[in-house]
Amino acid sequence: MQYQIAVEKVKNISELIAVVEGFKRHNKGNRVYFRGENEDHGANALTPSIYRSQKRLQAEDKIYREMQRFNDHEFGVDKTAFDKLSRMQHHRAPTRLLDLSEDILSALYFALDKKGCDSMAVVYLIEIDEAQVKYYDSDAVSVVANLVKSPLNDGVTGHKSKCALLRDATDLRTDIEEFNQTRSAGFLLHDIKEEKGYFSHKINPNHLLSIHFVKPKLTNNRLHGQKGAYLLFGLNEYDINSAIPVLDMHDGKLRLNSSIDRLFYPIVKMTKVLLSADIRMKDLERLGVTRPYIYPEMERVAEYFVARFEQ
1 MQYQIAVEKV
11 KNISELIAVV
21 EGFKRHNKGN
31 RVYFRGENED
41 HGANALTPSI
51 YRSQKRLQAE
61 DKIYREMQRF
71 NDHEFGVDKT
81 AFDKLSRMQH
91 HRAPTRLLDL
101 SEDILSALYF
111 ALDKKGCDSM
121 AVVYLIEIDE
131 AQVKYYDSDA
141 VSVVANLVKS
151 PLNDGVTGHK
161 SKCALLRDAT
171 DLRTDIEEFN
181 QTRSAGFLLH
191 DIKEEKGYFS
201 HKINPNHLLS
211 IHFVKPKLTN
221 NRLHGQKGAY
231 LLFGLNEYDI
241 NSAIPVLDMH
251 DGKLRLNSSI
261 DRLFYPIVKM
271 TKVLLSADIR
281 MKDLERLGVT
291 RPYIYPEMER
301 VAEYFVARFE
311 Q
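Residues 1 to 311, numbered by full-length UniProt numbering, are exactly what the sequence shown covers, in order.
As structure tokens, then:
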């Protein structure tokens with residue numbers, strides 16, 4: 001694992017592609033994914049949307065249920081909490097998922113989209129440990145995804161909450177048997193069994209305190225076209241109100257978070273690419289990467305062409 005993060009600056013798309021090719025040449029057979037952000041957030045980058053507002057985080061369980069209550073027909077084919085979170089993410093609801101893509105041009109689009117005049121757009125190149133890749137039906141994924149059903153804090157019993165799970169998982173992270181005897185784990189197990197009746201009483205507390213790389217079902221055109229995947233965030237053992245940090249600072253330099261247990265961390269290596277202000281959306285459009293390329297749904301395509309022909 002390489003903690004230090006290389007930082008590159010590129011002036012055009014050709015230079016970006018060259019950096020990607022160099023990164024891939026040394027990836028030791030692992031997969032490479034990309035993420036674009038329209039602002040340089042430093043050590044706070046790569047944060048899922050549910051953690052960008054305390055009020056959102058406090059309402060996570062309510063957002064999950066209200067999205068289904070108002071759009072039940074949209075979730076008809078989704079069998080698990082993770083499937084539903086993936087669909088919510090697609091519709092821009094705040095979740096504990098962070099989008100990644102195998103398509104560098106898609107990542108570049110998101111870096112440039114809605115970028116402020118004074119902000120520095122960034123693309124992250126991320127090497128994922130092949131042994132840490134999980135799929136949508138993974139038991140560990142079910143454990144973390146079902147956190148969405150619990151309130152942040154339960155003022156009535158104090159047991160069915162993320163706070164209770166964090167307390168017990170942290171105290172008993174080396175004792176799986178004892179952890180599964182706690183009331184907080186019992187409530188979580190009940191939620192998991194709603195989608196997996198066969199699930200055993202063997203929740204690993206370390207899974208709750210980790211970040212997971214997950215390949216979802218490609219149930220919509222956007223995910224399919226971008227070859228999308230997610231980082232699924234568990235609970236931050238040091239601060240339940242914040243996401244598990246992917247990055248931290250050491251001697252003034254950005255690096256991968258060194259406090260996370262390497263056995264439960266999917267990122268092997270990362271490069272941060274700073275984009276020149278000379279790289280603009282029109283450069284992507286010349287390559288055929290337009291809004292309909294990213295958002296192929298009918299209403300998004302219509303919005304794009306209406307705006308284009310009204311110019």
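All C-beta atoms, glycine included, are put in the ideal place defined by N, C-alpha and C.
Looking only at C-alpha atoms, which of Arg52, Asn38, Leu147 sits nearest to Lys114? For this step, residue 114 is matched to residue 114 along the sequence shown. The alpha carbon of Lys114 has as its nearest neighbour, out of Arg52, Asn38, Leu147, the alpha carbon of Asn38.
On the three-state DSSP scale, how would you describe Met179? Taking the sequence shown and counting its residues from 1, one reaches residue 179 at position 179. The question names Met, yet the displayed sequence has Phe at residue 179. Three-state DSSP puts Phe179 in a helix.
Checking the sheet assignment: what are the DSSP bridge partners for Thr271? As a working mapping, residue 271 is identified with position 271 in the sequence shown. Ala6, Leu125.
What does the alpha-carbon distance come out to for the pair Lys24 and Tyr198? What you label residue 24 is simply residue 24 of the sequence shown in a count that begins at 1. What you label residue 198 is simply residue 198 of the sequence shown in a count that begins at 1. In a straight line, the C-alpha of Lys24 is about 40 Å away from that of Tyr198.
Tell me which same chain residues have a C-beta within less than 6 Å of the C-beta of Lys193, skipping the five on either side of it? On the sequence shown, residue 193 is found 193 positions in, with the first residue counted as 1. Its chain contains Phe199 as the residues whose beta carbon lies nearer than 6 Å to that of Lys193, once the 5 sequence neighbours on both sides are disregarded; these appear in chain order.
Work out the CA separation of Asp191 and Lys55 for me, nearest whole Å. Against the sequence shown, residue 55 aligns to sequence position 55. Against the sequence shown, residue 191 aligns to sequence position 191. One alpha carbon belongs to Lys55, the other to Asp191, and they sit about 23 Å apart.
Can you look up Arg96 in the DSSP assignment and give me helix, strand or coil? Translated into positions along the sequence shown, residue 96 becomes position 96. In the displayed model, Arg96 falls within coil according to three-state DSSP, outside both helix and strand.
Which class does Gly158 belong to by DSSP, given the choice of helix, strand or coil? Counting from one through the sequence shown, the residue named residue 158 turns up at place 158. It is coil, neither helix nor strand.
Relative to the C-alpha of Asn27, which candidate in Met270, Leu274, Tyr293 has its C-alpha closest? The count along the sequence shown starts at 1 and reaches residue 27 at position 27. When each option's Cα is compared against that of Asn27, the closest is Met270.
Per DSSP, residue 319 is paired with what? Residue 319 is absent from the model: the chain starts at 1 and stops at 311.
CB Ser101 to CB Gly228, shorter than 8 Å? Here residue 101 is taken as the residue at index 101 of the sequence shown, counted from 1. Here residue 228 is taken as the residue at index 228 of the sequence shown, counted from 1. Cβ distance < 8 Å, so Ser101 and Gly228 count as in contact.
Measuring alpha carbon to alpha carbon, tell me which of Met281, Asn12, Ala277, Asp261 ends up nearest Thr174. For the purposes of this step, residue 174 is taken as residue 174 along the sequence shown, with counting starting at 1. A check of alpha carbon separations from Thr174 across Met281, Asn12, Ala277, Asp261 identifies Asp261 as the nearest.
Excluding five sequence neighbours on each side, which residues of the same chain lie with their C-beta closer than 8 Å to the C-beta of Lys202? Taking the first residue of the sequence shown as position 1, residue 202 is located at position 202. Contacts found: Ile176, Asn180.
First through last residue of the beta strand (DSSP E) which encompasses Val133: For this step, residue 133 is matched to residue 133 along the sequence shown. Annotation: the continuous beta strand (DSSP E) that includes Val133 extends over 133–135.
Do you know offhand how far Leu231's Cα is from Arg286's? As a position in the sequence shown, residue 231 is number 231, starting the count at 1. As a position in the sequence shown, residue 286 is number 286, starting the count at 1. Between the C-alpha atoms of Leu231 and Arg286 there is a straight-line separation of about 31 Å.
Roughly how many angstroms separate the alpha carbons of Arg291 and Asp129, rounded to a whole number? To locate residue 291, count along the sequence shown from 1; it is residue 291. To locate residue 129, count along the sequence shown from 1; it is residue 129. When the Cα atoms are used, Arg291 and Asp129 turn out to be separated by approximately 31 Å.
Do Ala111 and Gly36 come within 8 Å of each other at the CB atom, strictly closer than that value? Your numbering for residue 36 matches position 36 in the sequence shown. Your numbering for residue 111 matches position 111 in the sequence shown. Ala111 sits close to Gly36, with the two beta carbons spaced by under 8 Å.
Between the C-alpha atoms of Thr95 and Met88, what's the straight-line distance to the nearest angstrom? Counting from 1 along the sequence shown, the entry for residue 95 is found at position 95. Counting from 1 along the sequence shown, the entry for residue 88 is found at position 88. CA-to-CA, the gap between Thr95 and Met88 works out to about 7 Å.
Roughly how many whole angstroms lie between the Cα atoms of Arg183 and Lys162? Taking the first residue of the sequence shown as 1, we reach residue 183 at position 183. Taking the first residue of the sequence shown as 1, we reach residue 162 at position 162. Cα to Cα, the separation comes out at about 12 Å.
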